[in-house]
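Scroll down for the structure; my scribbles are underneath it.
Numbering (the working numbering), first residue to last: 6 to 84.
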């Protein structure tokens, strides 16, 4: 396993921003849904702070998309 290299780009910051904007929501509104401060949510979008799995699960349910989509493993929003 040590010899395996993982080449991937972190996609979730751009995906959560895109989903928020596509739904005409502010960072403050999404932060309220996640029960975090707006500044904390902003840091998720800017990849300055890792987003907890609980927030990922909430956003998947709220936007009705798969975790694979938010994480960038697929371009399909469908579950």
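Even glycine gets a Cβ: it sits at the ideal position worked out from N, Cα and C.
- Taking the Cβ atoms as the reference, residue 50 lies roughly 6 angstroms from residue 21, within the contact range of under 8 angstroms.
- In the three-state scheme derived from DSSP, where H, G and I count as helix and E and B as strand, residue 29 is classed as coil.
- Judged by DSSP in its simplified three-state form, residue 69 adopts coil rather than helix or strand.
- By the neighbour-count definition (other C-beta atoms within 10 Å, threshold 16), residue 83 is an exposed residue.
- Around the CB of residue 42, fewer than 16 other CB atoms lie within 10 Å, so the residue is classed as exposed.
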